[in-house]
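*Asks:* Residue numbers (UniProt numbering), protein chains in the order written: chain A, 1 to 233; chain B, 1 to 233.
All C-beta atoms in this analysis are idealised placements derived from N, C-alpha and C, irrespective of residue type, glycine included.
There are 2 protein chains.
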Amino acid sequence: MEQTLTQLLKTDYNIIFKDISLLEQAFTHSSYVNEHRHFELQDNERLEFLGDAVLELEVSDYLYRHFQDLPEGKLTKLRSTIVREDSLAMFAKECGFDQFVKLGKGEENSNGRSRSSLLCDLFEAFLGALYLDQGAKKSKEFIYQVVVAKIETGAFSHEMDHKTTLQEVLQKNGDILIEYHLIAEEGPAHARIFHVEVCGGGTPLGKGSGKSKKVAEQKAAEAALANILAEES
Amino acid sequence: MEQTLTQLLKTDYNIIFKDISLLEQAFTHSSYVNEHRHFELQDNERLEFLGDAVLELEVSDYLYRHFQDLPEGKLTKLRSTIVREDSLAMFAKECGFDQFVKLGKGEENSNGRSRSSLLCDLFEAFLGALYLDQGAKKSKEFIYQVVVAKIETGAFSHEMDHKTTLQEVLQKNGDILIEYHLIAEEGPAHARIFHVEVCGGGTPLGKGSGKSKKVAEQKAAEAALANILAEES
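Written out as structure tokens, the structure is:
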């Protein structure tokens, strides 16, 4: 038996909509409304307008608090990577939302169900509906479960270059030698874990671990930045 | 005796910051930090990053709920008018914030204190600090007192063309005659009030009043749209 959307939301995210028509609207593409003139619901475009802003605030708030060493320019760049079309389309797919969106025949036949812009809009519209139906706290929880969890697995880490940031912070008052030392490695070859320590001018600043030396170095730099910040404040 | 920033916030907005350094950071332009290397605070750019998103959500939420007849494209256009640089600079000035921002000498001498982009950033940074220090509810209250109140006085009404929207709604299923009738006018010549009623196909749809026939017609169209929506739901 196929799972319905309401079952999926309850099972995976503990979300139960009060106003089910709001949920239906979020999953109604304009092409469906255009082909069904007597359909009683609006399409999801107005909800998308709202959901875009809901997501932007929660992601901004998370980035602001979590990356205290990043300047505004890097925060903005990171945010735009996280909320851009193909990222949001990915989230919509990972949530399994693509199977539930109502499309017109033309849109369905031209493969609209897997089109990035349509899935991005769908994800934002769902967030708009969730915010209206369940409030800011619940929509924040959902965003943390789906979007922030992804950030924390390092999905956007190509945008988060802690090593460069650490270098900028340490060298703002002149040159200082920064070294990354491999201090240990463990586990079998297919699941090796590397432990790295970063030193500035010979002083240990932070440690990090990961499945590659590169990841471990980034983690060590991130820890060093957190330690420096804690000392400064 | 000159009023301090904390006095102004308390008197005009009933806001008392818990973390005064956050407020100071919001009012510190990068040019000041650059000229005072040993100044302990950061500039306001990271707070601006956050405040931008705080404002965007509250304005979006207000527009979504208040203009239920506006399609997504018009909501987006209206929002961008409200949150654009010169609007936010206007809000910063109206709040009296310009007199309190810390600038470097170069910026001060080149009239930075009245520069639109600097005041816009200042307003956003203040919202970021307010959100962090006082939470979403209090920052929403401030946005309603300053920004939404301005929307409701009709400051952005050139972007809110209710007459066009009403025409689109009424004529989506074919032509219908729309007429605006002046039903009354009152008051002395310098403070005249006009009362207008709009009819669709001869049926009265809504009434509106204003200081000019144009404003009264827009209000009548807005009322008609609200009535139509109430009937549909």
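For a contact meaning CB atoms closer than 9 Å, what does E48/A contact in chain B?
*Replies:* Start at 1 with the first residue of the first sequence, and residue 48/A comes out as number 48. The answer, in chain order, is E72.
*Asks:* Nearest chain A C-beta to V54/B closer than 8 Å, yes or no?
*Replies:* In the second sequence, counting from the first residue as 1, residue 54/B sits at position 54. Output row for V54/B: interface = yes.
*Asks:* Inspect the beta-carbon positions of E35/A and K105/A and report whether they are closer than 8 Å.
*Replies:* Translated into positions along the first sequence, residue 35/A becomes position 35. Translated into positions along the first sequence, residue 105/A becomes position 105. Yes. Within cutoff.
*Asks:* In the DSSP assignment, what are the bridge partners of K102/B?
*Replies:* Locating residue 102/B in the second sequence gives position 102, where the first residue counts as 1. T28/B.
*Asks:* Below 8 Å on C-beta distance, what does L57/B contact in chain A?
*Replies:* Taking the second sequence and counting its residues from 1, one reaches residue 57/B at position 57. Within chain A, the residues near L57/B are A53, V54, E56, L57.
*Asks:* How close, in whole Å, do the beta carbons of S30/A and E45/A come, if the pair is a contact with beta carbons under 8 Å?
*Replies:* For the purposes of this step, residue 30/A is taken as residue 30 along the first sequence, with counting starting at 1. For the purposes of this step, residue 45/A is taken as residue 45 along the first sequence, with counting starting at 1. Rounded, the Cβ-Cβ distance is 6 Å, consistent with contact.
*Asks:* Under a three-way DSSP split, which group does S110/B fall into?
*Replies:* Reading the second sequence from its first residue, position 110 is the one you call residue 110/B. If DSSP states are grouped into helix, strand and coil, S110/B belongs with coil.
*Asks:* Beta carbon of K93/A, beta carbon of Y32/A: below 8 Å?
*Replies:* What you label residue 93/A is simply residue 93 of the first sequence in a count that begins at 1. What you label residue 32/A is simply residue 32 of the first sequence in a count that begins at 1. Contact flag unset, no.
*Asks:* Looking only at its chain, what residues have a beta carbon closer than 8 Å to the beta carbon of R192/A, apart from the 5 residues adjacent to it on each side?
*Replies:* Walking along the first sequence from the start, residue 192/A turns up at place 192. Within the same chain, R192/A has close Cβ partners E185, E186, K211.
*Asks:* Is there a C-beta anywhere in chain A that falls below 8 Å from the one on S139/B?
*Replies:* Locating residue 139/B in the second sequence gives position 139, counting from the first residue. Output row for S139/B: interface = no.
*Asks:* Specify whether the segment 51–71 of chain B and the segment 53–68 of chain A touch according to this definition: at least 3 beta carbon pairs, one from each stretch, less than 8 Å apart.
*Replies:* With the cut-off at 8 Å, the segment 51–71 of chain B and the segment 53–68 of chain A touch.
*Asks:* Can you say whether A230/B is buried or exposed, counting buried as having 16 or more other CB atoms within 10 angstroms of its CB?
*Replies:* Within the second sequence, the letter at position 230 stands for residue 230/B. Per the 10 Å Cβ criterion, exposed.
*Asks:* Could you work out which residues of chain E lie near D175/B, taking near to mean beta carbons separated by less than 9 Å?
*Replies:* No chain E appears in the structure shown, which is made up of the protein chains A and B.
*Asks:* Just to confirm my understanding: we take K219/A, look at its own chain, exclude 5 residues before and 5 after, and list those with CB closer than 7 Å. What are they?
*Replies:* For the purposes of this step, residue 219/A is taken as the residue at position 219 of the first sequence. Hits under 7 Å: G208, S209, G210.
*Asks:* Taking a cut of 9 Å between CB atoms, which residues from the segment 60–94 of chain A lie near chain B?
*Replies:* Residues S60, D61, L63, Y64, R65, Q68, L70, P71, E72, G73, L75, T76, R79.
*Asks:* Taking only beta carbons into account, state which residues of the segment 18–48 of chain B come closer than 7 Å to chain A, listed in chain order.
*Replies:* Hits within the stretch, in order: E45, R46, E48.
*Asks:* Starting from the Cα of E217/B, find the closest Cα among I183/B, A189/B, H190/B, T203/B and give me that residue.
*Replies:* Position 217 of the second sequence, counting from 1, holds the residue named residue 217/B. Cα-wise, what sits closest to E217/B is I183/B.
*Asks:* As an exercise, report each continuous alpha helix (DSSP H) stretch of at least 4 residues that is fully enclosed by the UniProt domain "DRBM" (161–230) of chain A, in chain order.
*Replies:* 162–170, all fully within the UniProt domain "DRBM" (161–230) of chain A.
*Asks:* Using a Cβ cut-off of 8 Å (strictly closer), state whether A136/A contacts chain B.
*Replies:* Here residue 136/A refers to the residue found at position 136 of the first sequence. Closer than 8 Å: yes.
*Asks:* What is the rounded straight-line gap between the Cα of L205/A and the Cα of V147/A?
*Replies:* Mapped onto the first sequence, residue 205/A falls at position 205. Mapped onto the first sequence, residue 147/A falls at position 147. Each residue's alpha carbon lies about 30 Å from the other.
*Asks:* Do you know how far the Cα of L22/B is from the Cα of K74/A?
*Replies:* Counted from its first residue, the first sequence places residue 74/A at position 74. Counted from its first residue, the second sequence places residue 22/B at position 22. When rounded, the distance between both Cα atoms is 21 Å.
*Asks:* From which residue to which residue does the alpha helix (DSSP H) around A136/B run?
*Replies:* Residue mapping note: residue 136/B aligns to position 136 of the second sequence, counting from 1. Per DSSP, A136/B belongs to the alpha helix (DSSP H) from 116–143.
*Asks:* Give the straight-line distance between the Cα atoms of S87/A and Y64/A, rounded to the nearest whole angstrom.
*Replies:* As a position in the first sequence, residue 87/A is number 87, starting the count at 1. As a position in the first sequence, residue 64/A is number 64, starting the count at 1. When rounded, the distance between both Cα atoms is 20 Å.
*Asks:* With distances taken Cα to Cα, identify the nearest neighbour of D12/A among T153/A, Q3/A, D19/A.
*Replies:* To locate residue 12/A, count along the first sequence from 1; it is residue 12. Ranking the options by Cα distance to D12/A, first place goes to Q3/A.
*Asks:* May I ask which residues mark the beginning and end of the alpha helix (DSSP H) holding residue 249/B?
*Replies:* In the structure displayed, chain B extends from 1 to 233; residue 249/B sits before or after that span and is not available.
*Asks:* If you check the beta carbons only, do S60/A and R84/A fall under 8 Å apart?
*Replies:* Along the first sequence, one-based indexing puts residue 60/A at 60. Along the first sequence, one-based indexing puts residue 84/A at 84. No, they are not a contact pair.
*Asks:* Give the single residue among Y144/A, D161/A, E72/A whose Cα lies nearest to the Cα of D43/B.
*Replies:* What you label residue 43/B is simply residue 43 of the second sequence in a count that begins at 1. Nearest option by C-alpha distance: E72/A.
*Asks:* DSSP three-state call for K18/B: helix, strand or coil?
*Replies:* Position 18 of the second sequence, counted from the first residue, corresponds to residue 18/B. It is coil, neither helix nor strand.
*Asks:* Nearest-angstrom Cα distance between residue 236/A and T165/A?
*Replies:* Nothing about residue 236/A can be reported from this structure: the residues present for chain A run from 1 to 233 only.
*Asks:* Between E168/A, E179/A, N227/A, K140/A, which has its C-alpha nearest Y62/A's C-alpha?
*Replies:* Against the first sequence, residue 62/A aligns to sequence position 62. Considering only alpha carbons, the answer is K140/A.
*Asks:* How would you write the range of the alpha helix (DSSP H) that R65/B sits in, first residue to last?
*Replies:* As a working mapping, residue 65/B is identified with position 65 in the second sequence. Residues 45–66.
*Asks:* What are the boundary residues of the alpha helix (DSSP H) that includes G73/A?
*Replies:* By 1-based counting over the first sequence, the position of residue 73/A is 73. Here the alpha helix (DSSP H) through G73/A covers 72–82.
*Asks:* How far does the alpha helix (DSSP H) with D69/B in it extend, from its first residue to its last?
*Replies:* Start at 1 with the first residue of the second sequence, and residue 69/B comes out as number 69. Taken as a continuous stretch (DSSP letters only), D69/B belongs to no alpha helix (DSSP H), as it is neither H nor E.
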